[in-house]
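Position in the sequence shown (from 1) plus 5 gives the number in the numbering used here.
From the three backbone atoms N, C-alpha and C, an ideal C-beta is built for every residue, glycine too.
One structure is given below, encoded as structure tokens.
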Amino acid sequence: MRVNINSRYCFVSKDPCYFVYSDASATGGGAIIDFNNDFVCHKMWSENERVKSSTWRELSVIEFSLQSFASVLEGSHVQGFTDSQAVAKIVEVGSMKLGLHRMARRIFDICIRSGIHLEVQGIPCTSNQQADYISRLIDTDDWQITEEFFLFPDGLWGPHSVDCFANYYYHKLPKYFSKFWNPNTSGVDFFLSVSSRRNCLVVPPVGIVPRV
6 MRVNINSRYC
16 FVSKDPCYFV
26 YSDASATGGG
36 AIIDFNNDFV
46 CHKMWSENER
56 VKSSTWRELS
66 VIEFSLQSFA
76 SVLEGSHVQG
86 FTDSQAVAKI
96 VEVGSMKLGL
106 HRMARRIFDI
116 CIRSGIHLEV
126 QGIPCTSNQQ
136 ADYISRLIDT
146 DDWQITEEFF
156 LFPDGLWGPH
166 SVDCFANYYY
176 HKLPKYFSKF
186 WNPNTSGVDF
196 FLSVSSRRNC
206 LVVPPVGIVP
216 RV
């Protein structure tokens, strides 16, 4: 059966289930689900991403937040907020710029796969202060071991089943825990999920080595 995804549902709840605020700065981007401060996602820009336009970065954060919160937002009506009116419009109708339009299509595809009804609204910067603060965070404990070094302990004591302190771009195992919500993360506080049945790869941030 052919399904036409270039459509909108006529009969949907007018009341959003979740409110997601997102923002991008020169160093990173982040978002928060308003009802619960436990749901925070954050990413630092790579060198290539840092030189992109502010519109690209703001749109990228919306895509990243949907990927990070997909398991929470699945099947719900989501009201998104951004301090870029242009980005809110691009999410709704796309863009004449190919790169931005492709990103808008990816956002649309995430919503289709997860059953999310997304509406994005532009708001003043003064109404987006939490997301602005998150976007400016700099994780000084963000470090990793190389793939070659990982193979050494994994060969001695592996196979490991979970990467306890990682993030979306350098986790060494499919199952991983992260500091903030990330795409496909298993959780954001490994200490609450410690299990003797897991063979853990432990490469902690320097600041929590005593706790580990």
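- Taken through DSSP and simplified to helix, strand or coil, Tyr26 comes out as strand.
- Its chain contains Leu123 as the residues whose beta carbon lies nearer than 6 Å to that of Cys116, once the 5 sequence neighbours on both sides are disregarded; these appear in chain order.
- By the criterion of a C-beta distance shorter than 7 Å, Ala136 is surrounded in its chain by Tyr26, Ser27, Asp28, Gly35, Ala36 and Ile37, once the five residues flanking it on both sides are discounted.
- If you compare the alpha carbons of Ile150, Leu71, Leu197 and Arg110 with that of Cys46, the shortest gap goes to Leu71.
- Look at the beta carbons and you see the stretch 203 to 210 touching the stretch 157 to 165: at least three pairs across the two are nearer than 8 Å.
- For the stretch 67 to 136, the full-length beta strand (DSSP E) segments reaching 3 residues or more read 82 to 87 and 122 to 127 along the chain.
- In this structure, Gln84 places its C-beta atom within 8 Å of the C-beta atom of Phe24.
- For the stretch 148 to 173, the full-length beta strand (DSSP E) segments reaching 3 residues or more read 167 to 171 along the chain.
- Shown here, Leu142 sits in coil according to DSSP, grouped into three states, outside any helix or strand.
- Between the alpha carbons of Met49 and Ile143 lies a distance of about 7 Å.
- Counting C-beta atoms within 10 angstroms of its own C-beta, Trp148 has fewer than 16 neighbours from the protein chains shown and is therefore classed as exposed.
- In this structure, DSSP gives Phe182 an extended state, which the three-state scheme calls strand.
- Rounded to whole angstroms, Phe44 and Met101 show a C-alpha spacing of 33 Å.
- The beta-carbon separation of Asn187 and Tyr175, rounded to 11 Å, does not stay under the 8 Å limit for a contact.
- Beyond the five residues adjoining it in sequence on each side, Ser65 comes within less than 8 Å, by CB distance, of Ala29, Gly34, Glu54, Lys57 and Met108 in the same chain, given in chain order.
- A distance below 7 Å between beta-carbons, with the five flanking residues on each side excluded, links Asp114 to no residue of its chain.
- In the DSSP annotation of this structure, the continuous segment of the alpha helix (DSSP H) that includes Arg55 starts and ends at Glu52 to Arg55.
- Using a Cβ distance threshold of 8 Å, Phe170 and Pro209 count as a contacting pair.
- When beta bridges are read from the DSSP output, Ala36 appears opposite Ser27 and Cys46.
- Nearest in C-alpha terms to Thr131, of all of Thr151, Asp88 and Glu153, is Asp88.
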